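In the working numbering, the protein residues as written are 0 to 157.
Cβ coordinates follow ideal geometry from the N, Cα and C atoms, glycine included.
Values in this document were obtained by computation on a predicted structure and should not be read as measured data.
Structure first, commentary second.
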Amino acid sequence: RPGFPLDDLDGLTVWHESRLEEEDIENVPSMASASLPDLLLNTRFSSDLVIGWVDQAILYAHLGEPCKTKGEPNAAERARDALHNGYGIRTASAFCEFAATNGPDEISTGPDSALHVGPLAQAMATEPNLHLIQRWRDLTITEPGQPETAADTLPTIP
């Protein structure tokens with residue numbers, strides 16, 4: 000079984016995992032990049048569940064894989080803990096909203112390490128699924144120059 004297992008995502012059960020494996024989604028990075036329309040149509044899971052899992056998978060894929068051995072947590076685990084416990088952030092869309100609305104430039108993740116908010120939000124903004132999720136949740140699109148609403152893209156009639 001590939002690393003970075005799906006059971007890292009909130010609310011995912013063994014039954015969900017088996018069904019997702021039938022769709023060739025076996026780990027967090029494959030969930031982050033999966034086709035949202037295909038997932039919604041083929042799995043018949045609740046749209047809110049699928050959107051939430053993909054949103055969380057995007058964040059986790061960008062933070063990196065946590066270490067599964069006992070001992071000191073790695074950078075990915077410290078970053079997750081800092082975001083969850085310090086700011087209540089569990090998804091990529093929440094992180095991008097946080098970054099866009101007066102979030103700090105850095106979040107301390109340990110004595111000698113920090114998570115750089117701006118560059119991480121910019122990297123997440125390149126994820127096609129993030130834009131679909133933001134549209135679904137009616138959030139501001141994070142890509143620079145992207146219109147905020149569909150009405151902004153309509154031509155004006157003279």
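Same chain only: Cβ atoms within 6 Å of residue i, ignoring 5 sequence neighbours per side
| i | result |
| --- | --- |
| Leu5 | Leu11, Glu16 |
| Leu114 | Ala78, Ile106, Thr108 |
Pick from the options that is closest to residue i, judged by C-alpha positions
| i | options | result |
| --- | --- | --- |
| Ile50 | Ala122, Gly63, Pro28, Thr90 | Thr90 |
| Glu96 | Asp137, Asn73, Asp7, Arg18 | Asp137 |
| Asp104 | Pro110, Cys66, Ala120 | Ala120 |
C-beta atoms of residue i and residue j nearer than 8 Å
| i | j | result |
| --- | --- | --- |
| Ala98 | Gly117 | yes |
| Glu126 | Ala33 | no |
| Ile132 | Asp37 | no |
| Ala60 | Val27 | yes |
| Ala75 | Gly63 | yes |
| Leu8 | Thr42 | no |
| Asn128 | Leu35 | yes |
Range covered by the alpha helix (DSSP H) that runs through residue i
| i | result |
| --- | --- |
| Ser112 | Unbroken run through Ser112 is the beta strand (DSSP E), 112-115; no alpha helix (DSSP H). |
| Gly109 | Careful: Gly109 lies outside any alpha helix (DSSP H), inside the beta strand (DSSP E) at 105-109. |
| His15 | 13-21 |
| Pro36 | 35-42 |
| Leu131 | 127-135 |
Assumed close pair residue i, residue j - CB separation to whole angstroms, cut-off 8 Å
| i | j | result |
| --- | --- | --- |
| Met123 | Ile24 | Not quite, the Cβ-Cβ distance comes to about 19 Å (not below 8 Å), so this is no contact. |
| Leu40 | Ser46 | With a Cβ gap of about 10 Å, Leu40 and Ser46 do not count as contacting. |
Sequence-distant residues of its chain with Cβ nearer than 8 Å to residue i (five each side left out)
| i | result |
| --- | --- |
| His83 | Arg89 |
Proximal residues to residue i (C-beta, below 7 Å), its chain only, five neighbours per side dropped
| i | result |
| --- | --- |
| Phe3 | Asn26, Val27, Pro28, Glu64 |
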